[in-house]
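J.: In the working numbering, the protein residues as written are 16 to 87. All C-beta atoms, glycine included, are put in the ideal place defined by N, C-alpha and C.
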């Protein structure tokens with residue numbers, strides 16, 4: 016399981032701590048600070064799998080914030 020490897024944890028934490036500033040440099044739009052906090056919490060809690068795997072139309076129309084809050 017790769018999450019048990021210290022190097023993976025270091026990389027993911029570095030990425031999550033720096034992505035907001037780095038993403039603007041390459042021309043993408045960053046998420047809100049709240050969403051980055053929710054993503055960090057999801058990683059810290061070791062929530063696995065995709066939030067986007069549901070095939071229901073209602074699920075597909077939910078905002079990223081709603082999906083992150085519902086998949087703690």
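Throw me the rounded Cβ distance for the residue 83 and residue 57 pair, which I believe falls under 8 angstroms.
T.: 6 angstroms
J.: With a threshold of 16 other CB atoms inside 10 Å of the CB of residue 25, please say whether the residue is buried or exposed.
T.: exposed
J.: Out of 52, 38, 61, which has the shortest C-alpha to C-alpha gap to residue 80?
T.: 52
J.: Look up residue 59 in the DSSP assignment and say whether it is helix, strand or coil.
T.: helix
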